[in-house]
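A quick write-up on the structure given underneath.
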Amino acid sequence: MSHGQFVSADTVIHHAEGTAKLVRTSPTEVIVRFEDDFKASNGPDLYVWLTKDGDVKNGYIDLGKLKGNLGSQNYTVPAGTDLAQYKTVIIWCKAFSVLFGTAKLALQP
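At the far end of the sequence shown sits residue 118, using the numbering used here, and the numbering has no gaps.
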């Protein structure tokens, strides 16, 4: 489907890198998958959100708490989500409203 590389919000404290992909696992299910190269700095309240453009003010879909700060992990996208609208995955700290990183998703060649 589509994939992108995380870009860190900053390189000192709020950091995320690696690959995020949208993967269709069945005719009715899509997941966001972080590949083995995923790394993020630790944070107190990190979540994975699917956004329209990386800006939470423009709407987001909460995919759940970040499962770990290293390696592959999967997050189910709610059925009915318009994937033509939601094209950026972000790591967001809810407690402090801080962005750790964004991955803009583009169609795979």
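Yeah, the Cβ is synthetic: ideal placement off N, Cα and C, and Gly gets one too.
Just so you know, the alpha carbons of residue 68 and residue 29 end up roughly 19 Å apart. Its Cα nearest to that of residue 40, the residue 31 stands out among 100, 48, 95, 31.
Shown here, residue 67 sits in a helix according to DSSP, grouped into three states. Exclusion of the five residues before and after residue 95 leaves 59, 60, 61, 70 as the residues of its chain whose Cβ lies within less than 7 Å of its Cβ.
Judged by DSSP in its simplified three-state form, residue 12 adopts strand.
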